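Notes for the one structure printed next.
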Amino acid sequence: MPLGGGKPDEGTRERIVKEIKGIDPDIEVEVMYTEPNTHLVSDRNKAFDPLVGGIAISFEPGSNGYCTLGYTGLLYGSIPVIVTAWHCVGWIWSSYVEVYQPAGGYERVAYQYKPPGCAYWFENNKLVTTCDIATVAITTRSRAPQIYRPGGFTWAFTEAIWGTVVKVLGRYDVAIGQSVAKAGATTDVTEGALASHYVNVDYGSVVVLGELKAYYTCQAGDSGSPVYRRGWPIGLYSIEIYAYGIHSGGAGEPGKPTNICFFSPLEAYPLRVDYT
């Protein structure tokens, strides 16, 4: 009989044995203590090493502002990077980017001068770009091709603690009406139907071409979140992840959640990133 949540004293052990023996005097009773299962507590703001998708990141030490790390990968097959929303790192106006994790902390985990984003040009005093994705080189921690707490259930019917990226989906690999999920630092795991394969989204000063539209819930701080399809269970606490995109924004009132959300497909990023 495993116990958790607080180590029992000898009196408690004896009471448990006595009660069970009172039911069946011939039964062998051994009372054991196990540590509480604290890793089941969802906390995307804690420090992670290795870095994984779905955790909170910030771009100024001690800042209350944050985004979500989408995926980790190897740029050109050799440079460890984080993959997040381009607007989180300042679009093209950023001279250099520092990434801190946990969000609001003081430990810099990634740094790059002018991190590469997507193709862009200007029309009618607006920046027009082909995607909202950027990579930043990891400097002080390791990486893993995983997503923290991606939702879903495993063979043991427990919530998956980890998702492992096993393949990357193209823009049209998910049919309209099929579900996609995102793991964000603000609204956690939300899921909804894919509504469009190609929409141009005007965010005011920036227009992002060719985004995908879906009906999962999103809010500020979810920017950069991994958008994916869940696959088969891997063991007791992990599932396969089919990486699909990076969450960009939503159509709703600022500061409030909306269920009309937009994301850029990973295939829109112009540089080669190995996600698995």
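Counting from 6, one number per residue, gives the positions in the sequence shown under the working numbering.
Cβ atoms here follow ideal geometry from the backbone N, Cα and C, with glycine treated the same way.
Since this is a predicted model, take the numbers as computed values, not measurements.
Per DSSP, the unbroken beta strand (DSSP E) holding Gly-168 starts and ends at 167 to 173. Bounds of any beta strand (DSSP E) do not take in Ala-190, whose DSSP letter is neither H nor E. Listed in chain order, the non-local C-beta contacts of Val-170 below 6 Å within the same chain comprise Pro-150, Ile-246, Ala-248, Tyr-280 and Thr-281, local neighbours out to five positions each way being set aside. Under the three-state reduction of DSSP, Leu-271 is assigned to helix. Arg-234 has Tyr-247 as its beta-bridge partners, per DSSP. Shown here, Val-94 sits in a helix according to DSSP, grouped into three states. Within the segment 206 to 230, the complete beta strand (DSSP E) runs of at least 3 residues fall at 211 to 219.
For Lys-131, the three-state secondary structure derived from DSSP is strand. Rounded to the nearest angstrom, the Cβ distance from Thr-195 to Thr-159 is 20 Å, too far for a contact under 8 Å.
If you check the CB distance, Thr-77 and Gly-229 do not come in under 7 Å.
A direct Cα-to-Cα measurement between Asp-178 and Pro-238 gives close to 20 Å.
Listed in chain order, the non-local C-beta contacts of Arg-148 below 6 Å within the same chain comprise Pro-55, Leu-56, Thr-77 and Pro-85, local neighbours out to five positions each way being set aside. Contact between Ile-244 and Gly-157 holds: their C-beta atoms lie close to 5 Å from each other, under 8 Å. Close CB contacts of Tyr-125 within its chain, under the 7 Å cut and outside five residues either way in sequence, are with Ile-97, Leu-132, Val-133 and Thr-134 (chain order).
The closest CA to that of Val-211, considering only Ala-198, Trp-167, Glu-128 and Ser-269, is found on Glu-128.
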